[in-house]
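Data first, discussion second: the structure below is written as structure tokens.
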Amino acid sequence: MTPSLRPTLVAVALGTFLLVGAAACGSGDGGGKASAQGEDGAKGAVTVEHATIDWPANPSVAAVRMVVRNRTATADTLRSVSSPVAETVTVHRTETDDEGRSVMTAEDDLAIPARSSVTFAPGGLHVMLTGITEDLQVGDDVDLTLTFEHAGTVTATAKVVEPGSAGDDTEGSHDDH
Ligand SMILES: [Cu+2]
């Protein structure tokens with residue numbers, strides 16, 4: 001039995017090696033944007049959906065609601081977010097501390113698990129714009145640029161909306177205060 005098994009194992013090992021080799025070539029870092037768009041499934045694999053900004057009561061600070069969807073089989077990491085209308089854009093998580101106070105902590109490298117989505121909304125995980133340089137009005141579009149470890153740069157447009165009008169879950173309810 002043993003002598004006949006051996007060639008099979010070698011063949012399997014060789015096949016694995018060839019597959020790894022092909023995958024390494026296919027990911028070609030030198031290609032940059034062009035190669036990413038040319039690969040099936042790579043384009044749009046990490047997307048931003050339903051991006052809105054509650055019209056800010058405080059004109060210099062605003063929170064972005066959005067859903068970041070990762071359709072790939074690879075976990076990704078959100079490295080940073082920027083916007084031309086804000087001096088600083090920070091990923092925050094609001095949590096309630098031991099004494100019942102809401103505290104926000106910065107999430108510098110936020111994990112976006114494979115084949116899943118992460119929802120950003122005020123009161124939980126959110127993207128906060130600070131030092132807003134424009135006079136934002138309801139109906140305005142705000143450009144956002146998200147930088148991911150694997151997906152690279154993903155752009156999105158967030159619409160400025162009346163507070164409370166964004167989520168379907170808040171319809172008919174004003175109990176969120
Ligand atoms: Cu915040």
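Residue 1 is where the sequence shown starts when you use this note's numbering, and the numbers rise one by one after that.
The beta-carbon is built from N, C-alpha and C at its ideal position, and this holds for glycine as well.
Nearest chain C C-beta to residue i closer than 7 Å, yes or no?
i	result
M104	Any reference to chain C falls outside this structure, which holds one protein chain only.
Within a Cβ cutoff of 7 Å, which residues of the same chain sit near residue i, ignoring the five residues on either side of it in sequence?
i	result
A111	A75 and T77
T96	S102
T52	R65, A158, K159, V161 and A166
G41	With a pLDDT of only 43 at G41, under the threshold of 50, the placement of this residue in the model should not be trusted, and no figure is reported.
To the nearest angstrom, report how far apart residue i and residue j are at their CA atoms.
i	j	result
R93	E107	7 Å
A121	G152	23 Å
D98	L125	19 Å
L146	A158	12 Å
Q137	T119	24 Å
F83	I132	Checking the displayed sequence, the identity of residue 83 turns out to be Ser instead of Phe. Approximately 9 Å between the Cα atoms of the pair.
A62	G100	23 Å
H150	G139	32 Å
A205	T130	Coverage of the chain is limited to positions 1 through 177, which leaves residue 205 absent and any answer about it impossible.
Go ahead and label residue i buried or exposed: buried means 16 or more other beta carbons lie within 10 angstroms of its beta carbon, across all protein chains shown.
i	result
V142	buried
R65	buried
A57	exposed
D109	exposed
Looking only at its own chain, which residues have a Cβ that is under 6 Å from the Cβ of residue i, when we skip the five neighbours before and after it?
i	result
T90	A106 and M128
S165	none
A156	V48, A51 and L144
M104	H92 and T94
G123	T94
T88	T130 and G131
Suppose the cutoff is 8 Å on Cβ atoms and the five residues either side in sequence are ignored; what does the same chain contact list for residue i look like?
i	result
F148	V46, D76, T77, L78, R79, I112 and V154
D135	P59
P163	D54, W55 and A57
**Message:** Closer than 8 Å is the cut-off here; do at least three beta carbon pairs connect the stretch 112-127 with the stretch 58-78?
**Reply:** Three or more Cβ pairs drawn from the stretch 112-127 and the stretch 58-78 lie within less than 8 Å of each other, which places the two stretches in contact.
**Asked** In the stretch 38-105, which residue ranges form an unbroken beta strand (DSSP E) of at least 3 residues, counting only runs that do not cross its ends?
**Response** If we require 3 residues or more, the beta strand (DSSP E) runs fully inside the stretch 38-105 come out as 46-54, 61-70, 76-82 and 86-96.
**Message:** List, from N- to C-terminal side, the alpha helix (DSSP H) runs of 4 residues or more that fit wholly inside the stretch 132-167.
**Reply:** Correct list: empty.
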